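In short: position in the sequence shown from 1, add 950, done, that's our numbering. A short worksheet on the structure shown next.
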Amino acid sequence: MLRTIEKIARVGVFNDADGTGFPLERLTLIYAGNGHGKSTLGAVLSAAGNGDDNAILERQALGSSQPALIKLRADSHSLVHAQGNWRGQPLKTTVFDTGFVDRNLHTGGQVSPSHRAELLAFAIGEAAVAQETTLKTAEKNLSAAKDALDQNEAEILASAHGIDRTCTVDSFAKVSASPDVAEKIAQAEEALTDGRNSARILVQAPPNELSEAALLSEDFLKVLSESLTGVHGEARKRVAAHVQHLDEHGTGSSAEAWLSQGTKLSDEVNCPFCGQDLQGIELVDMYADFFNEAYDELRLRVDAQEAILGTTAREARRQALTTAWQQAEEALTSWRTHVELPSLPGLDSLEMLLTELGTWVDTHLTAKKERLEVAIDLSADKERGQALEEAALAPIAAVNKVIRAARSKIETYKATLTNSSIAELEAALIAVRLQEHRGTQEVVDLFAARKRIEGEIKEYQVECRDARAAIKKAMDSTLAEFEQSINKHLVAQHAGFTVENVKATFAGGGGTSRGNYALNLRGHSIDVSRGEPPFRLALSEGDKRTLAFAFFCAVVLSEQDLRGRIVVVDDPVTSLDKHRRTHAINTLNDMSRRGAQVIVLAHDANLLKDVRDRFAKSGPDDHGEDRPCVELQLKRPNGHSHFASIDLDIECATPYFRHHQTLMHFMDGEDFDGRPVTRTDAGKAIRPLIEAYLRGRFPGDLIPKDKRMLGSIIGCIRNSHPPHPLAYAIRLVSELDELKDFATRYHHDSGSDGGQVEPDEHEVRAFAARALRVVHGAT
């Protein structure tokens, strides 16, 4: 096993790479971007296995006058390349890279005699071609039957998709026609119509009751019954006479109110209006006695009752009741299309009744205002006022009684409406329409043809299977095993082609034996050296890579015990689809389980992570040995590559995860991605973290594509209204504004020298904590 790449100097982009601090393991994953030396490293390990000095010499670093130096340490020995030569025991490496493809399969799509000579090194013996005609005929028939089946199923789907775009052939086949399907369709259509109406009806507002608040309050009756005790009788008479005199001679305002105000402005020496000396004037003394604090308090209460029960207030009350009645009637009208509801009683008598009640109120208020200090005796008239109030409220009560009955009917009707969603009702209608369509003669004939074609396919599949069994039996065991091993990987990768006729030939003269094989592509056998179409056109680049990897796997897995072997693969899944990628990973795991050390070089960190995870799930190898893993990378900071550690979980993480972890580790004072997190790192992570959080919380078009920067997102939230989902985040706007303003210091004019001071540690920690509270849902 290769333990350490101790030194690679002056080879390609490796000037003085020291790997002593990065020991290798049973599974070694090396991540490298393009141009970082990944292919060079693969070539070095390949040359370390086959002793190829030229492979190192031709990669001599540009501009270097010193020879390349390579030091590798294995379990029991070291291997060095110095002064143009390898020294030491070669490693047992098998390398899959572009060099493997160029040597063994093709170069630029051309298969040359040298490729076929190399091919023979993988397999020994000659293959006898036997009984291929039956297989080809069966494959041709099977392909034709499958084409017919595809055409038949396309017609079935086209027919079904006119009704249900989600329908599959199998699901349509299971649909059974119903004799009462027409009735079911009518019922489903009616249910859908009701469902659509229900959604609108359920949000329709019911009528509201009118206010039945009392018109005569207890305070009104109490104010009328109160008197001013303690006022001297003579003062009362003199003030009353003077007030009457002033009113009769037209002062233009209430004389009593005017005098009351004057007593408060007086300094008890001079008149506040003319400045005359007031001392010794008997009438003035009587004013002061009459207009005391008790008078003022009672006067205010009387005025308050007039504001509540007076003409203006009564008219406002009447208009409010009339408006409420009209609104209730409008609501009832909208509901009458669904429920039988009575008309509302009118309020025609309300104005007259309020006027009668108002006359009674105004009479007593006027009397009270004229003799404020005297209690109004309501013993003989109180019942009449209450009767007038009761009469005024009676029409309102009659209206509300009808409204309550109507609301009860409305609620009863709403309870009968469907609770099914529109989508469920539409699906139900589609289902019964599909039942109807399934019973048509056209569809019945299509499914009958499908059943017949499927029977033919099963027959042809049996013929193909029998023919392959005959070919396998006739082939030479060694070449058969090799061919079968290759095809096993091709079939597992759904390659759409296989190899056949693997054999040795002396064609071309010179007595040199060469290997040869053919591709079986869609029922056609194509000789790779001279067939039509030529090899470079017969397969796509992805299929060529698939074929090369299948040959490689056949070579490696021809041995059951791979202990001591070092398998190196350079980007094994370039140009391969997801299924082939999974197969390649599983195959590498199989090699490892047999005991091999596996070194994977790739520019795709996610591939390396998938390899690691697959190996970890598989546990120890077949010999009970653990298979530890090491994750490395090739970095090229100054034009020359060197080894470094890497955390593939972090490398493959989303930007949101990286920003979140940056803040979390900053708050905890821990290193992240191999180094301490500075306050600058944390400050710069806040804005993209919040932006990514909001985009994730409101995906799709909830946030317009041109407004996905933080400031624009906040503006969208601020301007949103329920029921738009963005409205749920309105409570965050203030917090988001402050986070944005803080983060702006890191993302605006970062290159200026405007003298802006970077926030200190405490401020960054405070805003980092606030950002985390937002994304964790605590704010």
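Ideal placement from N, C-alpha and C gives every residue a C-beta, glycine not left out. None of these values were measured; they are calculated from a predicted model.
Let me confirm a value: residue i is counted as buried when at least 16 other C-beta atoms fall within 10 Å, else exposed. Which label applies?
i	result
Met1541	buried
Ile1372	exposed
Lys957	buried
Glu975	buried
Arg960	buried
Gly1633	buried
Val1153	exposed
Arg1577	buried
Asp1097	exposed
Gly1545	buried
Lys1657	exposed
Pro1673	exposed
Specify, as a first and last residue, the run of the beta strand (DSSP E) that residue i falls within.
i	result
Gln1154	Premise fails: Gln1154 is in no beta strand (DSSP E) and is neither H nor E.
His1474	His1474 to Asp1477
Arg1023	Leu1019 to Ala1024
Val1518	Ile1516 to Asp1520
Thr978	Leu977 to Ala982
Val1030	Ser1028 to Ala1032
Val1580	Cys1579 to Lys1585
By Cβ distance, which residues of its chain are closer than 6 angstroms to residue i, with the 5 residues on each side in sequence left out?
i	result
Leu1652	Pro1675
Asp1710	none
Arg1400	Asn1102
Gly1389	Ala1127
Identify, in the order they occur along the chain, each residue of the same chain with its Cβ nearer than 8 angstroms to the Cβ of residue i, setting aside the five sequence neighbours on each side.
i	result
Thr1044	Gly999, Phe1502, Val1505, Val1506, Arg1515, Ile1516, Val1517 and Val1518
Asp968	Glu956, Lys957, His1592 and Phe1593
Ser1121	none
Leu1384	Ala1110, Ile1113, Asp1114, Cys1117, Phe1122 and Val1125
His1671	Ala1677
With respect to the alpha helix (DSSP H) encompassing residue i, which residues constitute its N-terminal and C-terminal limits?
i	result
Leu1503	Looking at the sequence shown, residue 1503 is not Leu but Cys. Note, Cys1503: alpha helix (DSSP H), Glu1491 to Val1506.
Val1676	Going by the sequence as given, residue 1676 is Leu instead of Val. Taken as a continuous stretch (DSSP letters only), Leu1676 belongs to no alpha helix (DSSP H), as it is neither H nor E.
Ala997	Lys988 to Asn1000
Asp1120	Val1119 to Ala1123
Lys1634	Arg1629 to Arg1647
Ser1684	Val1683 to His1697
Lys1359	Lys1332 to Ala1365
Gly1661	Leu1660 to Arg1668
Ala1005	Asn1004 to Leu1007
Please state the DSSP three-state secondary structure of residue i.
i	result
Phe1717	helix
Leu1041	coil
Glu1280	helix
Lys1096	helix
Lys957	strand
His1533	helix
Leu1160	coil
Leu1248	helix
Val1548	strand
Ile1113	coil
Asp1416	helix
Asn1287	The sequence shown places Thr at residue 1287, rather than the Asn named in the question. It is coil, neither helix nor strand.
Ala1594	strand
Ala1468	strand
Glu1376	helix
Phe1432	helix
Arg903	There is simply no residue 903 to check, as the chain begins at 951 and stops at 1729 in what is shown.
Asn1437	helix
Ala1138	helix
Leu1722	helix
Who are the near neighbours of residue i in its chain, counting only those whose CB is closer than 7 angstroms to its CB and skipping five residues on each side?
i	result
Ala1721	Leu1613, Ile1636, Leu1639, Ile1640 and Leu1689
Gly1308	Thr1261 and Arg1264
Ala1603	none
Gly1038	His1027, Ser1028, Leu1029 and Val1030
Gly1335	Leu1166 and Trp1310
Gly1701	In this predicted model, Gly1701 has a pLDDT of only 47, less than 50, meaning its place in the structure is not dependable enough to derive any value.
Lys1042	Gly999, Gly1514, Arg1515 and Ile1516
May I ask whether a heavy atom of the ligand FAD can be found less than 6 angstroms away from the beta carbon of residue i?
i	result
Gly1049	The model on display carries no ligand, and the ligand FAD is accordingly not part of it.
Would you check if there are 3 or more beta carbon pairs closer than 8 angstroms linking the segment 1091 to 1111 to the segment 1394 to 1414?
-> The way I'd put it, the segment 1091 to 1111 does touch the segment 1394 to 1414; three or more beta-carbon pairs between them come closer than 8 angstroms.
Three or more beta-carbon pairs under 8 angstroms between the segment 1267 to 1284 and the segment 1293 to 1306, yes or no?
-> They touch, by the three-pair rule.
Evaluate the contact criterion for the segment 1681 to 1695 versus the segment 1656 to 1665: three or more CB pairs, one atom per stretch, below 8 angstroms.
-> The segment 1681 to 1695 vs the segment 1656 to 1665: in contact.
If we count Cβ pairs, one from each stretch, closer than 8 angstroms, do we get three or more for the segment 1084 to 1097 versus the segment 1353 to 1363?
-> Between the segment 1084 to 1097 and the segment 1353 to 1363 there are fewer than three inter-stretch CB-CB distances shorter than 8 angstroms, so the stretches are not counted as touching.
Could you say if the segment 1154 to 1173 and the segment 1339 to 1353 meet the contact criterion of at least three C-beta pairs nearer than 8 angstroms?
-> Yes, the segment 1154 to 1173 touches the segment 1339 to 1353.
At least three beta-carbon pairs within less than 8 angstroms, the segment 1130 to 1145 to the segment 1316 to 1329 | Fewer than three beta-carbon pairs drawn from the segment 1130 to 1145 and the segment 1316 to 1329 are found closer than 8 angstroms, and the two stretches are therefore not classed as touching.
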